[in-house]
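Sequential numbering of the sequence shown, starting at 5, is according to the numbering used here. Where is the CB? At the ideal position from N, CA and C, for every residue including glycine. Working notes, structure below.
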Amino acid sequence: MEFTESYKQTGPCCFSPNARFIAVAVDYRLVIRETISFKVVQLFSCLDKISYIEWALDSEYILCGLYKKPMIQAWSLTQPEWTCKIDEGPAGIAYARWSPDSRHILTTSDFQLRLTVWSLLNTACVHLQWPKHASKGVSFTRDGKFAAICTRRDCKDYINLLSCHTWEIMGNFAVDTLDLADIEWSPDDSAIVIWDSSLEYKVLIYSPDGRCLFKYQAYESGLGVKSVSWSPCGQFLAVGSYDQMLRVLNHLTWKTFAELMHPYSVRGPCYAAVFKEVDEPLQLDMSELCLSDDFSQGNDDSPEEPFRVRYEVMEVPINLPFQKPPAEKPNPKQGIGILSWSNDSQYICTRNDSMPTILWIWDIRHLELAAILVQKDAIRAATWDPTCTRLVVCTGSTHLYMWTPSGAYCVHVPLPQFTITDLKWNSNGSCLLLKDKESFCCAAVPLLPESSEYSSDE
Numbered sequence: 005m006e007f008t009e010s011y012k013q014t015g016p017c018c019f020s021p022n023a024r025f026i027a028v029a030v031d032y033r034l035v036i037r038e039t040i041s042f043k044v045v046q047l048f049s050c051l052d053k054i055s056y057i058e059w060a061l062d063s064e065y066i067l068c069g070l071y072k073k074p075m076i077q078a079w080s081l082t083q084p085e086w087t088c089k090i091d092e093g094p095a096g097i098a099y100a101r102w103s104p105d106s107r108h109i110l111t112t113s114d115f116q117l118r119l120t121v122w123s124l125l126n127t128a129c130v131h132l133q134w135p136k137h138a139s140k141g142v143s144f145t146r147d148g149k150f151a152a153i154c155t156r157r158d159c160k161d162y163i164n165l166l167s168c169h170t171w172e173i174m175g176n177f178a179v180d181t182l183d184l185a186d187i188e189w190s191p192d193d194s195a196i197v198i199w200d201s202s203l204e205y206k207v208l209i210y211s212p213d214g215r216c217l218f219k220y221q222a223y224e225s226g227l228g229v230k231s232v233s234w235s236p237c238g239q240f241l242a243v244g245s246y247d248q249m250l251r252v253l254n255h256l257t258w259k260t261f262a263e264l265m266h267p268y269s270v271r272g273p274c275y276a277a278v279f280k281e282v283d284e285p286l287q288l289d290m291s292e293l294c295l296s297d298d299f300s301q302g303n304d305d306s307p308e309e310p311f312r313v314r315y316e317v318m319e320v321p322i323n324l325p326f327q328k329p330p331a332e333k334p335n336p337k338q339g340i341g342i343l344s345w346s347n348d349s350q351y352i353c354t355r356n357d358s359m360p361t362i363l364w365i366w367d368i369r370h371l372e373l374a375a376i377l378v379q380k381d382a383i384r385a386a387t388w389d390p391t392c393t394r395l396v397v398c399t400g401s402t403h404l405y406m407w408t409p410s411g412a413y414c415v416h417v418p419l420p421q422f423t424i425t426d427l428k429w430n431s432n433g434s435c436l437l438l439k440d441k442e443s444f445c446c447a448a449v450p451l452l453p454e455s456s457e458y459s460s461d462e
């Protein structure tokens, strides 16, 4: 892997959907760089510090959320002189997002008073009263023709279906939730899944015409759903719960066909590979090595620890480290907090928040555990390559951790004092964006061969 230099950032950083550009917030400035050359192609100055960045799907426009102001500014890469500013006045702006046609911006006011659709074509705007959430509760169909928006009135939750062409309400219906948490269209646009807040275990599948296709409730009298995700193929719906289990439903009967546990102790028979991150001391023969004083004094950026990080394959049975959440505090750190599908829908990775250093990788095709990654530090992010079966993990350390069906390996980032707190793929899988607290860099990722064999200490 090849790494760029580190560059300053003070907020969000993200790739454009076409993978050609990187947008970086540096205080009041929005810096646009080319992904390949890293050359600055545009520099925009905003009216306040940038809190949020989102590209339009056509990669021609980009919006910046200045939530302290509060206002939205939008910019065009092809027409640098074009500007757009959205200010809701006393209502404020809590969140903003692009519509699928890249020519409308949806904003949610403070206290969820209204959701407004702003047109970049004719400056027209459409209002929808009482949206349920600021950043959640809105989902678009894959073809970009319709939007499902959650609202709440008279102590009841509703789903409103809007046309993304005219922004007229095509229909609305009440849903059987106490406190709706979020909504998501299925990848084939044939169904809508909604789930209740953590106080009530309830997952509901609705058709676009308002018919309830299925109601799923795994248990009662306990904290419920924590994470939900459709598989990219649309055939599976994964539901992670506070009871530390992952349940997978099929799209034909909506019945559960897999219930995957995350135990504190893994015992046989277990055919999964258990990779544990270990520090291996470097054994160097220094007897014939002579370094000048100038070199030794100028090499302060090299790591002080005389070891390298690698994965060691462990044998079962093995006890995994876990943290018992305090019973008297709300929002316990337990349950499936990370849930992510591979691009081919064969694998799914999960993290049980009471075991923050453990990543579980499941093979859904064979309904078995494929691998366990045991890290030294808590897992910050785990993201699949959008083009192949490759998983990248970061833990706030100076290393990247990668897993493929062929094995797992560690990659050291050769930048001084650079700890990876977040990471993102570009859309063609050729580049990774790595974030530190106040800087970022990119890594060129080689294509994954058909039969890849990696050593654990690369």
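Query: Suppose you measure from the CA of Ala447 to the CA of Ala23; what does that come to, to the nearest Å?; Result: 14 Å
Query: Please confirm whether Leu377 and Trp407 have their CB atoms less than 8 Å apart.; Result: yes
Query: Between Asp200 and Thr170, is the Cβ-Cβ spacing less than 8 Å?; Result: no
Query: Flag this pair as yes or no: are the beta carbons of Val30 and Gln46 separated by less than 8 Å?; Result: no
Query: Please report the distance separating the alpha-carbon of Gly214 from that of Phe261.; Result: 26 Å
Query: As a quick exercise: from Ser41, Lys72, Ser63 and Asp62, pick the residue whose alpha carbon is nearest that of Cys50.; Result: Lys72
Query: Would the beta-carbon of Gln421 fall within 8 Å of that of Tyr405?; Result: no
Query: Candidates Gly148, Leu110, Ser139 and Leu452: which alpha carbon is nearest His131's?; Result: Leu110
Query: Can you pull the DSSP bridge partners for Val28?; Result: Cys17 and Val35
Query: Let me check understanding here. Comparing Cα to Cα, which of Ser434, Val243 and Ser20 lies closest to Cys392?; Result: Ser434
Query: As a quick exercise: from Glu281, Pro336, Gly238 and Pro334, pick the residue whose alpha carbon is nearest that of Glu316.; Result: Glu281
Query: Can the beta-carbon of Lys259 be found closer than 8 Å to that of Ser245?; Result: no
Query: Starting from His416, trace the beta strand (DSSP E) both ways and give me its first and last residue.; Result: Gly411 to His416
Query: Grouping DSSP H, G and I as helix and E and B as strand, with all else coil, what is Pro94?; Result: helix
Query: Helix, strand or coil: how does DSSP classify Asp381 here?; Result: coil
Query: Does the structure place the segment 136-145 close enough to the segment 183-193 that three or more beta carbon pairs sit under 8 Å?; Result: yes
Query: Just the C-alpha distance for Ala151 and Asn176, rounded to the nearest angstrom, thanks.; Result: 11 Å
Query: When you compare each of Ile196, Ala60 and Leu70 to Thr82 by their alpha carbons, which one comes out closest?; Result: Ala60
Query: Hey, is the segment 158-166 in contact with the segment 89-107, meaning 3+ C-beta pairs nearer than 8 Å?; Result: no
Query: Taking C-beta to C-beta, are Val417 and Phe7 nearer than 8 Å?; Result: yes
Query: For Trp429, is the classification buried or exposed, using 16 other Cβ atoms within 10 angstroms of its Cβ as the cut-off for buried?; Result: buried
Query: Please report the straight-line C-alpha distance between Leu264 and Thr387, rounded to a whole angstrom.; Result: 20 Å
Query: Closest to Ala277 by CA distance: which of Leu34, Gly411 and Val179 is it?; Result: Gly411
Query: Let me confirm a value: Leu203 is counted as buried when at least 16 other C-beta atoms fall within 10 Å, else exposed. Which label applies?; Result: exposed
Query: Under 8 Å by Cβ, that's how I've got Ile196 and Pro212 pegged, so tell me the actual separation to the nearest angstrom.; Result: 7 Å
Query: With a threshold of 7 Å on Cβ separation, who are the neighbours of Pro21 within its own chain once the five nearest residues in sequence on each side are excluded?; Result: Trp59, Leu61, Ser63 and Ser431
Query: What number of angstroms, rounded off, separates the C-alpha of Ser346 from the C-alpha of Ser233?; Result: 12 Å
Query: Helix or strand or just coil, what does DSSP make of Phe261?; Result: strand
Query: Could you tell me the alpha carbon to alpha carbon distance between Met359 and Arg369, rounded to whole angstroms?; Result: 25 Å
Query: Starting from Glu188, follow its DSSP beta bridges and name the residues at the other end.; Result: Val197
Query: Which residue spans inside the segment 354-410 form an unbroken beta strand (DSSP E) run of at least 3?; Result: 362-367, 372-378, 385-388, 395-398 and 403-408
Query: For a quick check, are the C-beta atoms of Cys353 and Val320 less than 8 Å apart?; Result: no
Query: Let me know the secondary structure DSSP gives Phe422 once reduced to three states.; Result: coil
Query: Would you list the residues sitting across from Ala151 in a DSSP beta bridge?; Result: Phe144 and Leu166
Query: Less than 8 Å between the C-beta atoms of Leu436 and Val396, yes or no?; Result: yes
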